[in-house]
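Colleague: If you read the sequence shown in full-length UniProt numbering, its first letter stands for residue 1, the second for the next number, and so on. The beta carbon of each residue, even a glycine, is placed where N, CA and C say it ideally should be. Shown below is the structure under consideration.
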Amino acid sequence: KYCRERYTDLATIDDQADHDELLRTGGMAEFWLGLSRTRVTDVFVWSDQSSSS
Numbered sequence: 001k002y003c004r005e006r007y008t009d010l011a012t013i014d015d016q017a018d019h020d021e022l023l024r025t026g027g028m029a030e031f032w033l034g035l036s037r038t039r040v041t042d043v044f045v046w047s048d049q050s051s052s053s
């Protein structure tokens, strides 16, 4: 919610290429991902509401 109110969003990894790029540019630095588990269905979803699988 904080990010969306400021017109930005958390990182979403859509495929292996995104994952590799994040590791390449971020190295071993800490970063936030927009992945969370819903309380109702106990399923992980990205902050844009897309499926994590």
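Between the Cα of Leu35 and the Cα atoms of Thr41, Ala17, Leu23, Ile13, which residue gives the shortest distance?
Modeller: To locate residue 35, count along the sequence shown from 1; it is residue 35. Closest option to Leu35, Cα to Cα, is Ile13.
Colleague: Leaving out five residues on either side along the sequence, give the residues of the same chain with a beta carbon under 7 Å from the beta carbon of His19.
Modeller: Start at 1 with the first residue of the sequence shown, and residue 19 comes out as number 19. Correct list, in chain order: Ile13.
Colleague: Is Ala11 closer than 8 Å to Leu33 when the C-beta atoms are compared?
Modeller: Locating residue 33 in the sequence shown gives position 33, counting from the first residue. Locating residue 11 in the sequence shown gives position 11, counting from the first residue. Yes, these two residues count as a Cβ contact at 8 Å.
Colleague: Smallest Cα separation from Ser52: which of Tyr2, Asp15, Cys3?
Modeller: Locating residue 52 in the sequence shown gives position 52, where the first residue counts as 1. Nearest to Ser52 by alpha-carbon distance, out of Tyr2, Asp15, Cys3, is Asp15.
Colleague: If you follow the alpha helix (DSSP H) that Leu35 is in, where does it begin and where does it stop?
Modeller: Reading the sequence shown from its first residue, position 35 is the one you call residue 35. Where Leu35 is concerned, there is no enclosing alpha helix (DSSP H), although the beta strand (DSSP E) it sits in stretches over 35-37.
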